[in-house]
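For any residue, its number in the numbering used here is found by taking its place in the sequence shown, counting from 1, and adding 48.
Below: one structure, written as C-alpha cells.
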Amino acid sequence: MLPPLIDIDNFKQAIEQGRLVITANQRLQAVIHDAWSTHCALTSTAWYTPRVFSIDNWINELWKELQDQNFSNISDNIVLDDHQVRFYWERAIKICDSDHDLKYANTAARTHKLLQKWLLTTDDIVDDSPSLSIFRKWQNTYKHLLKKNKSITPEDRINKIIDAYEVGSLSKELQINTYGFQSIPPLFEQLLTASSTSLHSVQSPSTNTNTKKIQVKDGDEELRAATSWATSQLLLQPNQRIGIIVPDLNNSIEKVARIMDESLHDQNHTAVVNISAGTSLLKTPIVSTAIDLIQCITSKSNLCEWLHILYSPHCLFDQLPLQILVNCELQLRNSRKSEFNLNDFCFALIPTDIDQEARTLLSPLIRLRDLRREIFPSKQTFTEWAQLFISTLADLGWPGKRSLDTLEYQQKESWQRLLSKFSSLDSLNTKIGITNAIRQLKQMANDVIFHPKTEEAPIQILGMLEGTGIKFDQLWITELDSHHFPPQSKLDSILPVNFQRQHFMPHSNPDRELFLAKQLISDFTNNSQTLVLSHASMSGDEKLFPSPLITDVYSSSLSELCYDMQPIPRRLNNCDQTHLFEDSAPPLSDQETIKIGTLMFKNQSACPFNAFAIHRLKSESLQESTIGLTALDRGSILHEVMFKLWKKWGNSNELLKLSDAVLQTDITDNITNTLYDWSAHHPILRGKIFSQLEQTRLEKLVWQWIVNEKTRPTFVINSLEAKKNLEVAGIKVAFRIDRIDEVDNKFLIIDYKSGSVKPTDWTGDRPRDPQLPLYVSALTPAVNGCAFAQLKTGNIKFFGLSDSGLIPYEKNHEDWSSLINKWHDSIDKLAREFATGHADVEIFHKSSFDFQTDLLPLNRWPEETLINKKLSALKDDL
C-alpha cells in the first residue's frame, strides 16, 4: 500500500477540533482528505468529513451560504465565470474599437483581475501610456456592461463576502489554518482576516536526509535521467512515493510522457504514472473531432481539418471503405486549394459512381449540404446553438460506432460539461451567429484542461507549484539552472513596470522572486527524504550554469544515480526486430503500364532505386495545399506565354518589326489572357493584388528575354511544343520539345527554364540532366545544337552547345558529332539499367537526390551503413 501524499499529523489537531483548513489548490485539499480517510480507517468505520477546502471551493461554499440566507447585498447578482468574463471583454472592445483584435480580451481580463486581487484601480496609477489609456476606455465600457446585466466578477463576489462578515451575516472562524501558499494576494488576505480571529500557516517539519545535485548535458538527457532514476527507485521499493518536478511541464507534457514510458519499457517495468499537467480539451480526440465536424460543415476549413474528420474513428466516415477515404483525400490534395467548403468535400467524397450502401450512410451529410441554410439560422441563443450542435453531431455518427474506452468516455463527459457552460452564456442576454458561436466554443474548449482520472500512482510528475506541500519519499527537481530558476520577471503588458514593482505584483520584483524560489526549495526539502536537484549544462548552443540557490548542495554524478540509463531507448538499438533480404528488382516487362518521359532518365542518373520507386512502384509524395502558385505553376505559365507569343510572331524578322509599344502590348495582353485562363483552377489569381503582382513580374521577365532574343542572328520558328517519340533499349519514351529554331538552315533545340541551369549537367557517363541530350539523340535529321533558355530574374541568358556557334556566348567544346555519340551511349546505358531492373540505392548526383527526401522512408538511405553491416554479418554466418 502506498503511503499518503501528506503528513496528516500536521493537520490532525486542527481537524479533530473542527478547525477550518484552507489549501492553495484542490490537489492539496484532495490529498489531505485521502490521508485523513486512511488515518481514520485504521481505528474507525465512520468519521466526519474534515473541514478542509481549497480557497476557491471555500469561497464557493461561503457564497452558497449567503444565497441560502437570501443576503440582500447579493440579490440578483450573476457571478461570471472566466468564459463569461472574456465574452464581456470582447463586447467591450468591439464597442470601443471595432478594429482591435478580440484576442486582446484575454489580456484585458487578466489585467483587470490583477488589479482587483491587489485592491487597486487604474486611478491609483500616476503614469500614463497609450495602452493604459485604451485599457481605461475598455474597462469603463466593461463595467457598464456588467452593471447593465447585473453581473459581477469572481473578485467582486469576494468583496461582497467580506461585507457579509463585517455586518455579521457570516460567523467568524476561531482559527483558519492555511497550507501550501507561496504568496497570498491582498484581496484573499483581506478575506482571511475578515473571516477569522486567528490565522495559522501550517509548516511541514523536515524529513530530508539526503540532498544532492547533478549536472547533465541537456534537457532531453535531464528528463531521461529523472525518469530512469524514478523507475529504478520504484523497482527497489514499490511501496514508496516518487516525484519528478518539471517546471515547464505544461509545454512539454507529451515529451515527458513519452520519455517516462520509454524508461519504464527499458527496465521491463509497468507502473501507473500520474502527470499533473493536463491537455487542452480542444486537443483531445473526441472533442477535437466534434468541433472540427461542426466547423467544417458550416464554414470553409483547411485541408488538415478536413482530413482529421475524414480519418477520425469518431464519426460516420469511419464506416466507409478505406479506398473511398483515400480517393477523397487525393482529390482534395490534387485540387491544390488551401480551403474547402462542404460542397467541395462532398464532391470529392461522393462521386457519381459511389455504391448505394455508402450513399445511404452519407445521407445525413448530403442533407446538411443541401439544407445548410435552413438548418443553421443566422443568429441564435447559446443554448439553441448547443442543442443544434448536439443533434448535428448525432446525425454525423459522433462519437463513433464502437464502444468508447475509459479515456474517451471521460472526454465525452468533459464535452457535455463544456456544452453546459457554453449554454450558461445565455445569461449575457444576446444572440450570436454560427461563426461567433464556434469561435466561442473553441476558445472555451482550449481553456478547459482535461485531466484523465488515474488510479493510485507511485510516480507523480508535477509542475513546480503543483508539487509544493506534497510529501515524497524520493523527489527529483529538473531545470534548476540560473536561466530558469529563480524564474525571470514576467510583467503585465498593460500596467506600468514601476507600478507593478511598487505593489509587489506577481513576477514583477526580482527580489520577491528570489525569496519565493528559496521558499520553494525549502518546502521541497522539508517534504522529501531524498532530494535530487538537476540542471542542464547546455541549451542548444547556450551554456547554462547551476542556479545560485543550489551551488552549495553536494554534487553527485549521473552514473551514480542512473547506472542503467540508456542514451536512447533500447528498442531503437535493436536492429534484430526486422528481417533483411538482399534482392534485385525484376526486369521491366510488357505488362507494366507506365509512361516514361525524360524525367526517368534524370532520376535513373541520380539514384537508380529512386527511379525504380517513382516510375515502376509509382511512389509519389502527397500534394500539399498551397495558397499561392508553386514554382512548377510559374514555370508552366511562363511556357504557355512564350508559346503563344512565338506562335503569333513566327520568326525574328516579325519580332524586329514591332515597336516597343506594340511589343509591350503583345506581351501584356498575352500574360493577362494566360493568367485569366489559369484563374479557373487557381483562385489565388482571381484576387486583384496577387494577379497584378504576377502580371508585373512576368511582364518584366518576358520583356528582358525578348530583348535578349533580338540580339540573335535571324531565325525562324520550326516547331513549338512538338510531340516526339523514341525507343531506347526497348523502352518507349514520349516527350515534348518546347521549341526548335532554324538558323541558316541549321536546327537549334531550345528548352525554357525558370530556374538555374548549367551545361555541365550534360557531361559525363551519367549526365545530371539528360533532357536535352535525349532530345538531340531522338531527332532525325540530326540537329545542330541545343540550349536552355534561362528566364530567371537577374540572370537572363542562353546556355548550350552547337556545331557552329548558333548560341550567344557559346563556349568551345569537342566535336559536335562525337558529343552526340557520347550522349547516345549515356542515354542508352541509363535506359538499359532501368529496363533490366538495376535499382541500387546508390547516389550519383547528391543535389538531385536531395530533392527527393520524401522517398527516404522507402530507400532507407540514412540506414545504409547499418543495413550493409547487417547484411555482411548474415553472409559471414552462411
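Where a beta carbon is used, it is the ideal one built from N, C-alpha and C, also for glycine.
No experiment lies behind these values; they were computed from the predicted model shown.
Taking only three categories from DSSP, how would you classify residue i?
i, result
"residue 504", "coil"
"residue 533", "coil"
"residue 214", "helix"
"residue 916", "helix"
"residue 909", "helix"
"residue 829", "coil"
"residue 397", "helix"
"residue 352", "helix"
"residue 579", "strand"
"residue 428", "strand"
"residue 557", "coil"
"residue 586", "strand"
"residue 110", "helix"
"residue 442", "helix"
"residue 849", "strand"
"residue 887", "coil"
"residue 805", "coil"
"residue 174", "coil"
"residue 387", "strand"
"residue 858", "coil"
"residue 451", "coil"
"residue 327", "strand"
"residue 118", "coil"
How far does the beta strand (DSSP E) with residue i in it extend, from its first residue to its last?
i, result
"residue 663", "Per DSSP, residue 663 belongs to no beta strand (DSSP E); it is in the alpha helix (DSSP H), 656-663."
"residue 248", "247-249"
"residue 601", "No beta strand (DSSP E) contains residue 601, which DSSP labels as neither H nor E."
Which first and last residues belong to the alpha helix (DSSP H) in which residue i is found?
i, result
"residue 683", "679-697"
"residue 485", "482-495"
"residue 752", "736-757"
"residue 322", "Where residue 322 is concerned, there is no enclosing alpha helix (DSSP H), although the beta strand (DSSP E) it sits in stretches over 321-323."
"residue 723", "708-726"
"residue 465", "454-471"
"residue 308", "297-314"
"residue 631", "Where residue 631 is concerned, there is no enclosing alpha helix (DSSP H), given that its DSSP letter is neither H nor E."
"residue 344", "333-346"
"residue 80", "74-89"
"residue 411", "411-418"
"residue 157", "152-165"
"residue 375", "370-382"
"residue 53", "Careful: residue 53 lies outside any alpha helix (DSSP H) and carries neither H nor E."
Give the C-beta separation of residue i and residue j to the nearest angstrom, bearing in mind that I take them to be a contact with Cβ-Cβ under 8 Å.
i, j, result
"residue 160", "residue 187", "6 Å"
"residue 295", "residue 511", "7 Å"
"residue 520", "residue 290", "7 Å"
"residue 833", "residue 849", "6 Å"
"residue 69", "residue 99", "7 Å"
"residue 256", "residue 579", "6 Å"
Mind checking who residue i pairs with in its DSSP beta bridge?
i, result
"residue 790", "764 and 795"
"residue 69", "100 and 225"
"residue 524", "292 and 580"
"residue 593", "Answer is none; residue 593 lacks a bridge partner."
"residue 263", "583"
"residue 199", "126"
"residue 780", "775"
"residue 358", "Note: residue 358 sits in no beta bridge, so no partner."
"residue 800", "837"
"residue 258", "578"
"residue 498", "327"
Does the Cβ of residue i lie closer than 6 Å to at least one heavy atom of the ligand ZN?
i, result
"residue 712", "No copy of the ligand ZN occurs in the structure displayed, which carries no ligand at all."
Which word fits residue i, buried or exposed, when buried means at least 16 other C-beta atoms lie within 10 angstroms of its C-beta?
i, result
"residue 271", "buried"
"residue 83", "buried"
"residue 802", "buried"
"residue 358", "buried"
"residue 843", "exposed"
"residue 136", "buried"
"residue 854", "buried"
"residue 642", "exposed"
"residue 787", "buried"
Can you check whether the C-beta of residue i is within less than 7 Å of a C-beta belonging to chain D?
i, result
"residue 102", "The structure shown contains no chain D; it holds only a single protein chain."
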